[in-house]
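Peer 1: So the protein sequences, as listed, match chains D and A. Counting in our numbering, the first sequence runs from 6 upward without gaps. Counting in our numbering, the second sequence runs from 48 upward without gaps. A single structure is presented below for examination.
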Amino acid sequence: EPEVTQTPSHQVTQMGQEVILRCVPISNHLYFYWYRQILGQKVEFLVSFYNNEISEKSEIFDDQFSVERPDGSNFTLKIRSTKLEDSAMYFCASRRDGSYEQYFGPGTRLTVT
Amino acid sequence: AQSVTQLGSHVSVSEGALVLLRCNYSSSVPPYLFWYVQYPNQGLQLLLKYTTGATLVKGINGFEAEFKKSETSFHLTKPSAHMSDAAEYFCAVSDQNDYKLSFGAGTTVTVRA
Chain D
6 EPEVTQTPSH
16 QVTQMGQEVI
26 LRCVPISNHL
36 YFYWYRQILG
46 QKVEFLVSFY
56 NNEISEKSEI
66 FDDQFSVERP
76 DGSNFTLKIR
86 STKLEDSAMY
96 FCASRRDGSY
106 EQYFGPGTRL
116 TVT
Chain A
48 AQSVTQLGSH
58 VSVSEGALVL
68 LRCNYSSSVP
78 PYLFWYVQYP
88 NQGLQLLLKY
98 TTGATLVKGI
108 NGFEAEFKKS
118 ETSFHLTKPS
128 AHMSDAAEYF
138 CAVSDQNDYK
148 LSFGAGTTVT
158 VRA
């Protein structure tokens, strides 16, 4: 069964460094999402992406964040200058056209020290 | 805007007993409602969803949920718990205008032998 994959599973970085989290959505899906979950808190929506542009973003998704679909398979989330409060589990999800169901990847745990 | 409240961050049940996880939502438009399950070190997996039609929806692994508009609830039940049901469960809502998910805080289920 097709699944969303994410790499790395765990990323440790120093404050102020740039990180890129990678996702490979399901191949025939057209809508892509990033969510994050800070330890002990709710899963929060960050951004949605369709047709090579951002559809919607939350107030969390400030200028430090960017998303890109650099080729036909990858979907990336970049944090330009990480802060301690960016430490969280980041989930990628994808959805095919005409369906309400989002398929989630296993997540990347980002630890900023 | 939508929001979700899950009552009880932890639920402990005996194997074979009823599992009941509570979810209440608020939404300014007719909602789409979802339950996701997360097993350790895995992504979020859809258990079941309500979009339109029958208010009692059945999902995978013997779970079901009932949409009650008058109570703004979407509680998840399973008649007989199995050890493999130990996981974290998330209720989520989206609407017809966009598909981003708003999640509850999650409920961790432990199953006692």
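Note that CB positions come from ideal geometry on N, CA and C, so glycine has one too.
Helix, strand or coil for K115 of chain A, going by three-state DSSP, please let me know.
Peer 2: Counted from its first residue, the second sequence places residue 115 of chain A at position 68. Three-state DSSP puts K115 of chain A in a strand.
Peer 1: Under the rule that 16 or more other beta-carbon atoms within 10 Å means buried, what is G151 of chain A, buried or exposed?
Peer 2: Locating residue 151 of chain A in the second sequence gives position 104, where the first residue counts as 1. Its Cβ being crowded by 16 or more others within 10 Å, G151 of chain A is buried.
Peer 1: Does DSSP put E90 of chain D in a helix, a strand or coil?
Peer 2: Working through the first sequence from its first residue, we reach residue 90 of chain D at position 85. Looking at E90 of chain D - three-state DSSP - the assignment turns out to be helix.
Peer 1: Checking contacts by CB at 8 Å: is D145 of chain A closer than that to chain D?
Peer 2: Locating residue 145 of chain A in the second sequence gives position 98, where the first residue counts as 1. Yes, its Cβ sits closer than 8 Å to a Cβ of chain D.
Peer 1: Of the residues A:Y146, A:S120, A:S149 and A:R159, which one's Cα is nearest the Cα of D132 of chain A?
Peer 2: On the second sequence, position 85 is the one that residue 132 of chain A refers to. Looking at the Cα atoms, A:R159 is the closest of the given residues.
Peer 1: Counting only Cβ pairs nearer than 8 Å, list the residues of chain A close to V9 of chain D.
Peer 2: Translated into the one-based positions of the first sequence, residue 9 of chain D becomes position 4. In chain order: G90.
Peer 1: So L51 of chain D packs on S60 of chain D, CB below 8 Å; how close in whole Å?
Peer 2: Numbered from 1 along the first sequence, position 46 holds the residue referred to as residue 51 of chain D. Numbered from 1 along the first sequence, position 55 holds the residue referred to as residue 60 of chain D. With 8 Å as the limit, L51 of chain D and S60 of chain D do not qualify as a contact, their Cβ atoms being about 12 Å apart.
Peer 1: Is the shortest distance between the beta-carbon of Y136 of chain A and the beta-carbons of chain D less than 8 Å?
Peer 2: Your numbering for residue 136 of chain A matches position 89 in the second sequence. Judged by the 8 Å Cβ criterion, Y136 of chain A is not in contact with chain D.
Peer 1: Mapping DSSP to helix, strand and coil, what is V131 of chain A?
Peer 2: In the second sequence, the residue the question calls residue 131 of chain A occupies position 84. The question names Val, but residue 131 of chain A in the sequence shown is Ser. Helix at S131 of chain A.
Peer 1: Just curious, the beta strand (DSSP E) that E73 of chain D is in, first and last residue?
Peer 2: Along the first sequence, read from residue 1 onward, the residue named residue 73 of chain D stands at position 68. F70 to E73 is the extent of the beta strand (DSSP E) around E73 of chain D.
Peer 1: Could you list the residues in the region 41-54 of chain D with a C-beta less than 7 Å from some C-beta on chain A, going in chain order?
Peer 2: Correct list: K47, V48, F50 and S53.
Peer 1: Closer than 7 Å, Cβ to Cβ, to anything on chain A: give me those residues from the region 107-118 of chain D, in chain order.
Peer 2: Correct list: Q107, F109, G110, P111 and G112.
Peer 1: Output yes if chain A places a C-beta closer than 8 Å to the C-beta of Y105 of chain D; else output no.
Peer 2: Stepping through the first sequence from its first residue, residue 105 of chain D is reached at position 100. By this cut-off, Y105 of chain D is an interface position.
Peer 1: In its own chain, which residues sit with a C-beta less than 6 Å from the C-beta of V84 of chain A, not counting the 5 before and 5 after it?
Peer 2: The residue given as residue 84 of chain A occupies position 37 in the second sequence. Within the same chain, V84 of chain A has close Cβ partners Q92, L94, A134 and Y136.
Peer 1: In the DSSP assignment, what residue or residues form a beta bridge with E61 of chain D?
Peer 2: The residue you call residue 61 of chain D lines up with position 56 of the first sequence. Note: E61 of chain D sits in a beta bridge opposite D:S53.
Peer 1: Who does T118 of chain D pair with in a DSSP beta bridge?
Peer 2: On the first sequence, position 113 is the one that residue 118 of chain D refers to. Answer by DSSP bridge pairing: none, since T118 of chain D is not bridged.
Peer 1: Does the beta-carbon distance from T124 of chain A to E111 of chain A come in below 8 Å?
Peer 2: As a first step, residue 124 of chain A must be located in the second sequence, where it is residue number 77. As a first step, residue 111 of chain A must be located in the second sequence, where it is residue number 64. In contact: T124 of chain A and E111 of chain A (Cβ atoms closer than 8 Å).
Peer 1: Distance, Cα to Cα, L115 of chain D vs S99 of chain D?
Peer 2: The sequence position of residue 115 of chain D within the first sequence is 110, counting from 1. The sequence position of residue 99 of chain D within the first sequence is 94, counting from 1. So the two alpha carbons sit approximately 20 Å from each other.
Peer 1: How long is the line joining the alpha carbons of N33 of chain D and W39 of chain D, rounded to whole angstroms?
Peer 2: For this step, residue 33 of chain D is matched to residue 28 along the first sequence. For this step, residue 39 of chain D is matched to residue 34 along the first sequence. Taking the straight line joining both Cα atoms gives about 18 Å.
Peer 1: May I ask you to report which of helix, strand or coil DSSP gives I43 of chain D?
Peer 2: Here residue 43 of chain D corresponds to residue number 38 of the first sequence, with the count starting at 1. DSSP places I43 of chain D in coil when its eight states are reduced to three.
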